[in-house]
Amino acid sequence: MRILLVAGARPNFMKIAPIFHAASGLEGIECLIVHTGQHYDYEMSQAFFDDLELPKPDFFLEAGSGSHAEQTAKIMVEFEGVCREQKPDLVIVVGDVNSTLACSIVAKKMWIKVAHVEAGLRSFDLDMPEEINRMVTDAISDYFFVTEESAVANLEREGKTADQVYFVGHVMIDNLLRQVEKLKSLDRRALGVSKLKEDLQGRDYLFLTLHRPSNVDDEKVFSGIVEALNEIAEKYPILFPVHPRTEKMMQKFGLKLSDNIVQLAPLGFRESLFLWQDAAFVLTDSGGLQEETTALGVPCITLRENTERPITVEVGTNLLCGSRPADILAACAKVESGKGRQGRVPPLWDGKAAERIWQILMQDS
Ligand code: UD1
-18 MRILLVAGAR
-8 PNFMKIAPIF
2 HAASGLEGIE
12 CLIVHTGQHY
22 DYEMSQAFFD
32 DLELPKPDFF
42 LEAGSGSHAE
52 QTAKIMVEFE
62 GVCREQKPDL
72 VIVVGDVNST
82 LACSIVAKKM
92 WIKVAHVEAG
102 LRSFDLDMPE
112 EINRMVTDAI
122 SDYFFVTEES
132 AVANLEREGK
142 TADQVYFVGH
152 VMIDNLLRQV
162 EKLKSLDRRA
172 LGVSKLKEDL
182 QGRDYLFLTL
192 HRPSNVDDEK
202 VFSGIVEALN
212 EIAEKYPILF
222 PVHPRTEKMM
232 QKFGLKLSDN
242 IVQLAPLGFR
252 ESLFLWQDAA
262 FVLTDSGGLQ
272 EETTALGVPC
282 ITLRENTERP
292 ITVEVGTNLL
302 CGSRPADILA
312 ACAKVESGKG
322 RQGRVPPLWD
332 GKAAERIWQI
342 LMQDS
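Numbered according to our numbering, the sequence shown spans residues -18 to 346.
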């Protein structure tokens, strides 16, 4: 069985890694990696391939940036060529980025089966481009591999039948657990950020990521967030790897961050994990970090009104606070006073999701 495994953006790379590693040695499976080039900077892409021990992609589509239409269209045209040449039996897409949408549409129209890993998540917020990507991908996929029960319910409501939907756990957590172990045996001095942590001398610090268009593209919203962050930084140093979009917007709006907020270039997977796993708490608007903090029991405050990953709030360590300064400060006060969630690890987030996916695909082939 020839399989094209698609990744395009940073949050995809950690999801394809365990799927790729679990395929090695499986008889009759040829798993080829397609990198669409949606993310292309060293820190946004190659640093992740290195940390995740992924080989050079078999196909690199060089889609690059652009409007959503431009980016999606470029990926579709290029991916169609790869499918025509390779004639895969199955295309595996992960997550909810533009590459996920583009490649699932192309494959399905060529009568190639599509498996969506991390299917069924819904924020019910159509202002998020990712929500549209999730809905369209799920409308046409053949296999739905889901990470939490809410996704099963969403897919059932949308008319999927039980024999298409597989609750397998979370491949991103497979990767996280593997990387936690790797970090333990690694010489930490080899990490570029180890000095930074040393300099904190055991003080409590926070870890921050911010890149959602709804938070950083609107001047009023972004200024309010910065106001709250600068106030929080009076108490705690904040480590902040800055996403390229966020960097651009900070410059455009002339926003000034407190000196106690340490701005860093985007980090590789291990450096990032090394910093956030010991933070007093994490502030983020990322999808993946909400889940990863839950898996390791680190308190997380999410600067969004909603989440497509409700398990992180229901049983995990996640607290949603939106983007208004007063709400961000109130959430921090709650977590500081120990009234934030202690959290448990959600069912099947045990590091074996990729194995389960292959068992199902092999049975079906
Ligand atoms: C994309 C995903 C989002 C994911 C995020 C993680 C979609 C719709 N969005 O958003 O779900 O959470 O990745 O990072 O697919 N840029 C660079 N270098 C790069 C990549 C991008 O400088 O390697 C710049 C682009 O020029 C653009 C900005 O960063 O100005 C945003 O990049 P883009 O790929 O459009 O979307 P993300 O915000 O990264």
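Think of the CB as a built atom: it goes at the ideal place given N, C-alpha and C, for glycine as much as any other residue.
- request: Specify, as a first and last residue, the run of the alpha helix (DSSP H) that L158 falls within.
  value: 152 to 166
- prompt: For A(-10), is the beta carbon positioned less than 6 Å from some heavy atom of the ligand UD1?
  reply: yes
query: From L310 to E200, what distance separates their C-alpha atoms?
result: 19 Å
query: Would the C-beta of H97 count as close to the ligand UD1, meaning under 6 Å from any of its heavy atoms?
result: no
- prompt: For the alpha helix (DSSP H) that contains K135, what are its first and last residues?
  reply: Looking at the sequence shown, residue 135 is not Lys but Asn. Counting along the chain, the alpha helix (DSSP H) containing N135 begins and ends at 130 to 138.
- request: Tell me whether R193 is buried or exposed, calling it buried when 16 or more other Cβ atoms sit within 10 Å of its Cβ.
  value: buried
query: CA-CA distance, R103 and R325?
result: 22 Å
- prompt: Can you name the start and end residues of the beta strand (DSSP E) that I(-16) belongs to?
  reply: -17 to -12
- request: Go through its chain and collect everything with a Cβ distance to A100's Cβ below 7 Å, but skip five positions before and after it.
  value: D119, S122, F125, F126, V127, A132, L136
field: Collapsed DSSP secondary structure at Y23 in the structure displayed
entry: helix
query: When we look at the beta-carbon of P36 and count the other beta-carbons within 10 Å, is it buried (16 or more) or exposed?
result: exposed
message: Taking contact to mean 3 or more Cβ pairs, one atom from each stretch, closer than 8 Å, check whether the segment 105 to 118 and the segment 20 to 39 are in contact.
response: no
task: Return yes when the C-beta of D119 is under 6 Å from any heavy atom of the ligand UD1, and no when it is not.
output: no
- request: Give, in chain order, every unbroken run of the alpha helix (DSSP H) that is at least 4 residues long and sits entirely within the segment 265 to 318.
  value: 268 to 277, 292 to 295, 306 to 317
message: Which same chain residues end up closer than 8 Å to D70 when comparing Cβ atoms and leaving out the 5 residues on each side of it in sequence?
response: M(-18), R(-17), I(-16), I93, K94, S346
field: Coarse secondary structure for L256, derived from DSSP in three states
entry: helix
query: Hey, quick one: how far does the alpha helix (DSSP H) through I341 stretch, first residue to last?
result: 334 to 345
message: Just to confirm before moving on: does the CB-CB distance between L(-14) and T17 stay below 7 Å?
response: no
- request: Taking N(-7) as the reference, give the member of V78, V63, I10, E24 with the closest Cα.
  value: V78
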